[in-house]
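To keep things clear, I will list the structure first and then write my remarks on it.
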Amino acid sequence: MLARAIGTILLATLSLPDPPGRLVDIGGGQKIHLNCTGRGSPTVVFENGAGDFSLIWSLVQPRVAETARACSYDRGGSAWSDPGQRPRSYDQLSLELHTALERAGERGPFIVVGQSYGGLVVRGFAQRYPTDVAGMVLVDAVHEDQRVNMGGGKLQRIRDFASGRARPEPRIAIDAALLALRRRLTPIPSSAALDEPLDKLPRATQNAWRLAAADSVYRLSWAAEMEWSPEELARMHDARIRTRATLGNLPLIVLSRAVADKPDSLTLERAAQQRDLVALSTRGKQITAAHSGHNIHIEDPALVVTSIREIVAGVRRTQRILRLSESSSRKQ
Numbered sequence: 130m131l132a133r134a135i136g137t138i139l140l141a142t143l144s145l146p147d148p149p150g151r152l153v154d155i156g157g158g159q160k161i162h163l164n165c166t167g168r169g170s171p172t173v174v175f176e177n178g179a180g181d182f183s184l185i186w187s188l189v190q191p192r193v194a195e196t197a198r199a200c201s202y203d204r205g206g207s208a209w210s211d212p213g214q215r216p217r218s219y220d221q222l223s224l225e226l227h228t229a230l231e232r233a234g235e236r237g238p239f240i241v242v243g244q245s246y247g248g249l250v251v252r253g254f255a256q257r258y259p260t261d262v263a264g265m266v267l268v269d270a271v272h273e274d275q276r277v278n279m280g281g282g283k284l285q286r287i288r289d290f291a292s293g294r295a296r297p298e299p300r301i302a303i304d305a306a307l308l309a310l311r312r313r314l315t316p317i318p319s320s321a322a323l324d325e326p327l328d329k330l331p332r333a334t335q336n337a338w339r340l341a342a343a344d345s346v347y348r349l350s351w352a353a354e355m356e357w358s359p360e361e362l363a364r365m366h367d368a369r370i371r372t373r374a375t376l377g378n379l380p381l382i383v384l385s386r387a388v389a390d391k392p393d394s395l396t397l398e399r400a401a402q403q404r405d406l407v408a409l410s411t412r413g414k415q416i417t418a419a420h421s422g423h424n425i426h427i428e429d430p431a432l433v434v435t436s437i438r439e440i441v442a443g444v445r446r447t448q449r450i451l452r453l454s455e456s457s458s459r460k461q
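If you use my numbering, the sequence shown closes out at 461, no skipped numbers anywhere.
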């Protein structure tokens, strides 16, 4: 009896806490965790970096929500969200997010904010739903030509791993195989402290993070996102060969980490790529986070909040001008 009671307590402690947001039924048996707070148009939507959860925005979202509606979410298969169909193309991710926002009654156009890998995802979202995006903030985002260290000092562009696979039509449907795996396996979270800068997150957030990170389905979903990404980066590269400003005149702020005093060649290359991201829009602007590394939203959340508010204020001014113009036209 004692052993059974201890086992029950252990299983209870290994369960994720209640989600901070709501689980939105997007169809096909799939639910997406969407956490929307605050009031005021336009709504800001956060996109997480690779392997991150909606919790990563816990130092930014509350302050943005003081003056605007703000929504964070977990991609399919992460934390509280059910796994979605594979391959995890940007069209697939965008369809799931767009459907979740629509089903939850969140109205666009949106200000989309993407950090690291999330910067690529929001670019894909803007490509698929251009009329639903009013502005963008890229937080030390990945560039389509970025190279990574493959070990032994060998650097290779991520897009070089693309094989030219045709982009499948996205569809809403739960990945039943992964969901069954989640139901069979109990996550065993690490008791070790989270690495810096995650240790700056609130204590309760860190505890939830450990549980979410122990989920085998999350790891497989993350791997599926990474496996398909070279195809997307290759397409983005090809599109920018034709047109550098693929976002047109969309209001854009590129937040970039500071460059070290003695940078290596890869650091300098990435700094140049950050400057190039500004050219995604004819209205692009770059801001350097002087005292931050890659995770600006944790290391300097105030700068991220200020940048988002700048885009929000600009969109609101444009919306007021349009309303005044429409009102004047009706009177004439």
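The beta-carbon is built from N, C-alpha and C at its ideal position, and this holds for glycine as well.
From the DSSP secondary-structure annotation, give me the bridge partner or partners of residue i.
i: Ala199; result: Thr166, Val173
i: Met265; result: Val241, Leu381
i: Arg417; result: The residue asked about is misnamed: residue 417 is Thr in this sequence, not Arg. Beta-bridge pairing links Thr417 to Ser385.
i: Lys160; result: Asp154
i: Leu284; result: Asn278
i: Ile303; result: Gly213
For residue i, which residues from the same chain have a beta carbon less than 7 Å from its beta carbon, with the 5 sequence-adjacent residues on both sides left out?
i: Trp357; result: Pro216, Arg217, Ser218
i: Pro149; result: Asn164
i: Asp405; result: His272
i: Arg438; result: Thr196
i: Asn278; result: Leu284
i: Gln402; result: His272, Asp274, Gln275
i: Lys329; result: Ile427
i: Pro331; result: Ser187
Between which residues of its own chain and residue i is the CB-CB distance below 6 Å, once the five residues before and five after are set aside?
i: Phe290; result: Pro359
i: Leu362; result: Glu273, Ile287, Arg288
i: Gly205; result: Pro212, Gly213, Glu225
i: Gly443; result: Pro380
i: Leu131; result: Annotation note: pLDDT 31 at Leu131 (below 50); position unreliable, coordinate value reported separately. So the list is empty, once near-sequence residues are dropped.
i: Leu140; result: Only weak support exists for where Leu140 lies, its pLDDT of 34 falling under 50; the coordinates are left without a value.
i: Glu354; result: Arg217
i: Phe175; result: Trp186, Ser201, Val242
Of the residues the options, which one's Cα is nearest the Cα of residue i?
i: Trp530; options: Arg257, Asp344, Tyr246; result: As shown, the chain starts at 130 and ends at 461. That puts residue 530 outside it, with no answer to give.
i: Leu424; options: Gly247, Tyr202, Ala333, Gln448; result: As written in the sequence, residue 424 is Asn, which differs from the Leu given in the question. The shortest Cα separation from Asn424 among Gly247, Tyr202, Ala333, Gln448 belongs to Gly247.
i: Arg252; options: Leu409, Val433, Arg449; result: Leu409
i: Gly180; options: Met365, Ala352, Ser319; result: Ala352
i: Ala295; options: Arg364, Gln275, Met265, Glu428; result: Arg364
i: Ile303; options: Gly264, Arg449, Val189, Gly158; result: Gly158
i: Gly243; options: Thr166, Arg236, Ser223, Leu330; result: Ser223
i: Phe239; options: Ala400, Ser170, Gln402, Ala194; result: Ser170
i: His366; options: Leu249, Pro299, Ala337, Asp269; result: Leu249
Can you give me the Cβ contacts of residue i inside the same chain, cut-off strictly under 8 Å, excluding the 5 residues immediately before and after it?
i: Thr411; result: Ala374, Gly377, Asn378
i: Ser319; result: Arg339, Ala342, Ala343
i: His227; result: Phe254, Arg257, Tyr258, Asp261
Run through the segment 321-360 for me and flag every whole beta strand (DSSP E) of 3 or more residues, listed as ranges in chain order.
none
Between the segment 409-421 and the segment 376-387, do three or more beta carbon pairs fall short of 8 Å?
yes
Inter-stretch contact at 8 Å, needing at least 3 Cβ pairs: the segment 222-237 / the segment 150-160
yes
Contact between the segment 311-319 and the segment 328-348 is defined here as three or more beta-carbon pairs at a separation below 8 Å; is this criterion met?
yes
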